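Line by line, the protein sequences are chains A and B. For the first sequence, position 238 matches number 238 in full-length UniProt numbering, and the numbering has no gaps at all. For the second sequence, position 277 matches number 277 in full-length UniProt numbering, and the numbering has no gaps at all. Built from N, CA and C at the ideal position, the CB exists for glycine as well. Only a predicted model underlies this, so the values are computations on that prediction, with no experimental measurement involved.
Protein chains: 2
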Amino acid sequence: MREIGIDELDDIARGAGILGTGGGGDPYIGKLLAREAIRAHGPVTLVGIDEVPADATVVPVSGMGAPTVLLEKLPAGTEELTALRALEAVLGRRATHIVPIEVGGVNSMIPIAAAARAGLPVVDGDAMGRAFPEAQMVLPTLAGIPNTPMALADDKGNTLVVDAVSNRWAERIARAACTEMGCQVSCADTVLRGDQLRDGLVPATLTLAGELGRAVREARLAHADPVAAALKLLGGVHLLTGKVVDVERRTTGGFARGRATLEGPGGPLELSFQNEHLLAVRDGSVVATTPDLICVLDTDTGEPVTTESMRYGLRVSVVAAPCDPRWTTPAGLDLAGPRYFGYDCDHVPLTP
Amino acid sequence: MREIGIDELDDIARGAGILGTGGGGDPYIGKLLAREAIRAHGPVTLVGIDEVPADATVVPVSGMGAPTVLLEKLPAGTEELTALRALEAVLGRRATHIVPIEVGGVNSMIPIAAAARAGLPVVDGDAMGRAFPEAQMVLPTLAGIPNTPMALADDKGNTLVVDAVSNRWAERIARAACTEMGCQVSCADTVLRGDQLRDGLVPATLTLAGELGRAVREARLAHADPVAAALKLLGGVHLLTGKVVDVERRTTGGFARGRATLEGPGGPLELSFQNEHLLAVRDGSVVATTPDLICVLDTDTGEPVTTESMRYGLRVSVVAAPCDPRWTTPAGLDLAGPRYFGYDCDHVPLTP
């Protein structure tokens, strides 16, 4: 158990941005939200999953929508509490802890902001160990834990509570409503009891995000290679250091979808994304796929590059890192493997 | 106070189909649902709005979606109770009465079926005095009564509860979810206290529907003109007796939209619809518009013709009847006048 103060937010947001594989929203916006909440309400307590009582009510809060919209429509920072309160009303009990549903620029920070406002501790972990675009793509789905009741709140004051027959149906209904509500809503869903955290979370990912962010910052200060520092902590594979030469994107069905072509010494690399980077192809061969992490970093600064900020001329490095092993089981690949996203290929293990 | 038995359902469904101005779904399907429920649970008590206690909790239940889908996907008949129970859970109290949100083939019968299953009385009235395609187009909106909390349930077992900042926002969010849920859901919304019924309802429309249906049936049996019999009760204007010569339709955004051209002695008449018939134009001149009732009847039988059953060659009569006077106030026309639906014309009073 320890406190997260304003000074740490930069590192956590940077590291979560890297683990968020291009999705989860702009870390800068997330950081502003969390900073404002901590300034107003004081630091947030971070607890390890072993420190959470078995009967605790642990609630993931997050933003849902297209990150491209988030850039133009800043959240007020209070919608998460509205969603949380709507969820608590149907649960008939109050949340005891907040937890991120995913690590990613905004969705690692929103729970910290919400926890500060609600006066609750944050659990050190998340339900993906990365970021994914759809709500059912969480370890609780693999563990048979429903993601409903799911509460959504928008910036206008509209709320809704979904109760679905499957986690995939909850995603479909919530996504349709989210799109109508302006492609950016706050969610509280996938409630976990304290004794479900081992099955439902990847542990210690906020701490990992903080370490990753600090390693990048310190390497930069020491005029060392920030990408190498990140790669070391990620235990991943270096795929390319080069330049973005083409980006094709569209915001459809509530998602930011597209494709980027990068050129570097090893030849061109093509990245496909749907909020997150999901597929890396070189010379027609798949070199990395979801659910493994495909992370794009600014080569000079080591800062994470989100899918919506990919643009021509950007000098970037691409690294791939292994996902939580539960994601590469047959059930995990059914839920978040490349075929689910419509890519005609199997998951290939990363080759160093 | 009196009982509605199985024998009356035919007349009510027929009359409500006429008052439903082509929308509200196929009367035949609605009748089957109500008959099955009354067979299983016994007759339903119909109470006048003056017989309802001031502190009663009166809940409109209905089907939302595209009537074209209803024809292919029959409701199980139990989703309304699921929606009702979800609404009661957030209200924190049980419904004491059921009421139709609109008169229309299916939506006059669904409340009767739900009331039979729930063991509750039905209030004789509805929130439109006709049928309209969108959820905010109800007299409670004009009276400042919110249509949320609004509960939706689908045939798969998914439910959601919307709480919106305006009745229009509730419609937008519910419509988006409804479309994703298969374009056919059951709703419980626009809760009225007993003392709000005068403002929120057009009184005695189930009785009117029954009388209208009976008049048509009796005229038919007496080899008299069933259309003339309906016209007399509606107090309306005869627009055309002729033939459908063209229909153009599409199901978009959760609605059945389109246009039909009819030919008769007085020249061609063009009807535009969005679930309901909304506009009648002759020689470029508007002869009847929403919110007045534009009713299409089979010329031989007097049976109502729904917008989704309009087809080439059908021999029909078109009559127009004045709506409840609250609909032709400026606020009423803003809510459901021709311009709201994108027609570039003002409401024209009916000229006999």
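Using DSSP with H/G/I as helix, E/B as strand and the rest coil, what is residue i?
i: D11/B; result: helix
i: C178/A; result: helix
i: M109/A; result: helix
i: Q196/B; result: helix
i: residue 356/A; result: No answer is possible for residue 356/A: the residues shown for chain A start at 1 and end at 352.
i: I98/B; result: strand
i: residue 378/A; result: Lying outside 1 to 352, the shown extent of chain A, residue 378/A is not represented and no answer is given.
i: G65/A; result: strand
i: A143/B; result: coil
i: P226/A; result: helix
i: R339/B; result: helix
i: R35/A; result: helix
i: D334/A; result: helix
i: K232/B; result: helix
i: H41/B; result: helix
i: S166/B; result: coil
i: A89/B; result: helix
i: P53/B; result: coil
i: R130/A; result: coil
i: T328/B; result: helix
i: P304/A; result: strand
Would you grab the beta carbon distance between residue i and residue j for me? Rounded to a whole angstrom, and I think it's under 8 Å.
i: T289/B; j: L278/B; result: 7 Å
i: C323/A; j: I18/A; result: Not a contact, Cβ separation roughly 14 Å.
i: V47/B; j: L84/B; result: Incorrect: roughly 18 Å between the Cβ atoms, too far for contact.
i: R102/A; j: T45/A; result: Sequence inspection shows Glu at residue 102/A; the Arg mentioned does not correspond to that position. So it is not a contact: roughly 21 Å between Cβ atoms.
i: L197/A; j: I49/A; result: 4 Å
i: D189/A; j: A228/A; result: At roughly 38 Å, the Cβ-Cβ gap does not stay under 8 Å, so D189/A and A228/A are not in contact.
i: L271/B; j: R259/B; result: 7 Å
i: R220/A; j: G144/A; result: Contact doesn't hold; Cβ gap of about 43 Å is too wide.
i: G264/A; j: G236/A; result: With 8 Å as the limit, G264/A and G236/A do not qualify as a contact, their Cβ atoms being about 16 Å apart.
i: R39/B; j: L293/B; result: Going by Cβ atoms, the distance from R39/B to L293/B rounds to 32 Å, so no, they are not a contact pair.
May I ask you to list the residues that DSSP assigns as paired with residue i?
i: residue 386/B; result: Residue 386/B lies beyond the stretch modelled for chain B, which goes from 1 to 352, so this question has no answer here.
i: L46/A; result: R2/A, V122/A
i: S285/A; result: R282/A
i: F273/A; result: G258/A, H277/A
i: C187/B; result: S62/B, L152/B
i: H238/A; result: V319/A
i: P314/A; result: Residue identity check: residue 314/A is Leu in the sequence provided, not Pro. In DSSP, L314/A forms no bridge with anything.
Take residue i and list the residues in its own chain whose beta-carbon comes closer than 8 Å to its own, dropping the five residues that flank it on each side.
i: Y312/B; result: V244, V245, D246, V247
i: T78/B; result: R117
i: G25/B; result: G63, P67, L70, G104, G105, V106, N107, T306
i: R94/A; result: T57, E88
i: L81/A; result: A114, R117, A118
i: L201/A; result: I49, V99, V123, G125, D126, A127, L139, L192
i: S309/B; result: D26
i: T329/A; result: L142
Starting from the C-beta of residue i, find all residues in its chain whose C-beta is less than 7 Å away, skip the five residues before and the five after it, and write them out in chain order.
i: G30/B; result: A13, G105, V106, S108, M109, I110
i: G210/A; result: E8, D11, I12, G15
i: W327/A; result: P291, A336
i: D300/B; result: R315
i: V90/A; result: P149, V161
i: T35/B; result: First, the residue type needs correcting, since residue 35/B is Arg and not Thr in the sequence shown. So the qualifying residues of the chain are I6, L9.
i: L239/A; result: L269, A280, V287, A288, V318, V319, A320
i: M181/A; result: D154, N158
i: A164/A; result: T148, A170, I173
i: F132/B; result: E102, E276, A336
i: D283/A; result: G267
i: A215/B; result: A229, A230, L233
i: L142/B; result: R326, A331, G332, L335
i: V52/A; result: V58, H97, V123, G194, L197
i: Q274/B; result: P133, F255, R257, F341
i: D225/B; result: A219
i: residue 402/A; result: A query on residue 402/A cannot be resolved here, the shown segment of chain A reaching from 1 to 352 and no further.
Once the 5 residues before and after residue i are set aside, which same chain residues still bring their CB inside 6 Å of it?
i: S54/A; result: At residue 54/A the sequence reads Ala, which differs from the Ser that was named. Within the same chain, A54/A has close Cβ partners G194, D195.
i: G5/A; result: P43
i: R168/A; result: Q136
i: R217/B; result: none
i: P352/A; result: V237
For chain D, find out if any of its Cβ atoms is closer than 8 Å to the Cβ of residue i; answer yes or no.
i: A177/A; result: Here chain D cannot be found, since the structure's protein chains are A and B.
Decide yes or no for the touch test of the region 114 to 131 of chain B against the region 170 to 184 of chain B: beta carbon pairs closer than 8 Å, at least 3 of them. The region 114 to 131 of chain B is not in contact with the region 170 to 184 of chain B.
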